[in-house]
Amino acid sequence: LRTRGQVELAVAALTPHVVPLVRDLNGNHVVQRVLQRLDPADAAFVHDALCESVVDVATHRHGCCVLQRCLDFASPSQRKRLVAGVAEHALTLSQDPFGNYVVQYVLELGGPRAAAAVGRRLLGHAARLAQQKFSSNVVERCLKLDPAAAAAAAAAAAARAAAAAAAAGGALEGGEEKEGGDGEGAEKKEGDENGGENPPPPPPPSAAEAAAEEARAAAEALREETEVGSAELASLRDALVAEIAASPAL
Numbered sequence: 007l008r009t010r011g012q013v014e015l016a017v018a019a020l021t022p023h024v025v026p027l028v029r030d031l032n033g034n035h036v037v038q039r040v041l042q043r044l045d046p047a048d049a050a051f052v053h054d055a056l057c058e059s060v061v062d063v064a065t066h067r068h069g070c071c072v073l074q075r076c077l078d079f080a081s082p083s084q085r086k087r088l089v090a091g092v093a094e095h096a097l098t099l100s101q102d103p104f105g106n107y108v109v110q111y112v113l114e115l116g117g118p119r120a121a122a123a124v125g126r127r128l129l130g131h132a133a134r135l136a137q138q139k140f141s142s143n144v145v146e147r148c149l150k151l152d153p154a155a156a157a158a159a160a161a162a163a164a165a166r167a168a169a170a171a172a173a174a175g176g177a178l179e180g181g182e183e184k185e186g187g188d189g190e191g192a193e194k195k196e197g198d199e200n201g202g203e204n205p206p207p208p209p210p211p212s213a214a215e216a217a218a219e220e221a222r223a224a225a226e227a228l229r230e231e232t233e234v235g236s237a238e239l240a241s242l243r244d245a246l247v248a249e250i251a252a253s254p255a256l
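If you number the sequence shown the way my numbering does, the last residue is 256 and the count never jumps.
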């Protein structure tokens, strides 16, 4: 996809079928490529569909992989919304053969506040979850959480997403520039014939500049979130440890 028209055509064709494609053996690769090649704004239709079907997607063999890629390539606002959906259903997902991997991924990359949101859903059930095959992996991940490491992982994920957005935007801009080259030449020629009275308009911000600005805003938001979430995460981790230690079944 090199031009705006091609992107719009692909988005229109795929939008009604995101969830079935995600759950399909071959279709899920198409959705993953959309996330990789389009910038977050153009891929928003994928994020919107998955946010509305978090449990159905996360508990599917292929859907759990696509959901993790969504977290990788999301904008800060998209990631926040998706993480909130996973955290809301963390108790259910933690006990699922595939959903537990999504919860663990959020714990690993979502940042201190996201990890704390998951921990709140598990609190009160930790002893039971620790005895089950799939959810025990989630509980173990919670007990190993380090607020500083969680913040660093979230920052790295945000940086990767910003770089991917810049790359996707740059590729699209290159295609549009090539497609519109003749038109620009005609405008320049017409301006010359009129005595040069039509100066070219200022260029819009490039995709790289937009991605850099978004990365700066995300870094500031992450700093504020870390200050609030780290203390809560440490407290929840201690509460989970105490709950498990007090269980007579363990």
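C-beta: ideal position from N, C-alpha, C; glycine also.
Nonlocal neighbours in the same chain, by C-beta distance under 8 Å from residue i, ignoring five residues either side
i: Val247; result: Leu149
i: Leu129; result: Leu242, Ala245, Leu246, Glu249
i: Leu256; result: Ala133, Ala136, Gln137, Ile250
i: Asp254; result: Correcting the residue type first, residue 254 is Pro in the shown sequence and not Asp. Once the five neighbours on either side are set aside, Pro254 has no close Cβ partner at all.
i: His66; result: Val28, Arg29, Phe104
Spatially closest choice to residue i from the options, by CA coordinates
i: Val40; options: Lys139, Arg8, Thr65; result: Arg8
i: Leu88; options: Val17, Ala96, Leu77, Thr98; result: Leu77
i: Ser59; options: Ala18, Gly11, Arg29; result: Arg29
i: Ala240; options: Leu151, Ala251, Leu256; result: Leu151
i: Val72; options: Val108, Ala93, Pro82; result: Val108
i: Glu273; options: Val92, Ala121, His23; result: Past the boundaries of the shown model lies residue 273; the chain is included only from 7 to 256, so the question cannot be answered.
i: Cys3; options: Gln84, Gln38, Gly33; result: Here the chain covers residues 7 to 256 and nothing more, so residue 3 does not appear.
i: Ala252; options: Arg147, Lys139, Ala132, Ala19; result: Ala132
i: Glu219; options: Pro103, Ala123, Pro82; result: Pro82
i: Leu113; options: Lys139, Arg147, Gln38; result: Arg147
i: Val92; options: Ala123, Arg75, Pro103, Ala16; result: Ala123
i: Pro103; options: Lys139, Ala19, Gln38; result: Lys139
Proximal residues to residue i (C-beta, below 7 Å), its chain only, five neighbours per side dropped
i: Glu14; result: none
i: Ala80; result: Pro46, His53, Leu88, Ala167
i: Glu94; result: none
i: Lys86; result: none
i: Ala18; result: none
i: Gly189; result: Because Gly189 sits at a pLDDT of 49, beneath the cut-off of 50, its placement in the model cannot be relied upon, and the point is left open.
i: Ala16; result: Leu7
Own chain partners of residue i with C-beta closer than 6 Å, once the 5 adjacent residues on each side are dropped
i: Ser141; result: Ser100, Gln101, Leu135
i: Ser236; result: Pro118, Pro153
i: Lys194; result: The predicted position of Lys194 is uncertain, since its pLDDT is 49 and thus under 50; no value can be drawn from it.
i: Thr21; result: Phe51
i: Ala64; result: Cys70, Leu73, Leu99, Gly105, Val108
i: Ala49; result: Val40, Leu41
i: Gly33; result: Leu27
i: Ala192; result: At Ala192 the pLDDT is 48, less than 50, meaning the model places this residue with poor confidence and gives no usable figure here.
i: Arg75; result: Gln38, Leu41
i: Gln12; result: none
8 Å contact criterion, which residue i and residue j should meet: CB distance rounded
i: Ala55; j: Val36; result: That pair is no contact at about 13 Å.
i: Ala96; j: Arg127; result: 4 Å
i: Arg144; j: Gln110; result: For clarity, residue 144 is Val in the given sequence; the question names Arg instead. 6 Å between Cβ atoms; contact.
i: His68; j: Leu31; result: 7 Å
Residue i Cβ short of 7 Å to the ligand NAP heavy atom set
i: Glu238; result: Inclusion of the ligand NAP in the displayed structure is not the case, the ligand content being empty and no account of it being possible.
Segments assigned alpha helix (DSSP H), at least 4 residues, entirely inside the stretch 22-110: Whole alpha helix (DSSP H) segments, 4+ residues: 24-28, 33-43, 50-57, 60-64, 69-79, 82-94, 96-100.
Ranges of the alpha helix (DSSP H) found wholly within the stretch 117-145, counting only runs of at least 4: Listed in chain order, they are 118-128, 132-135.
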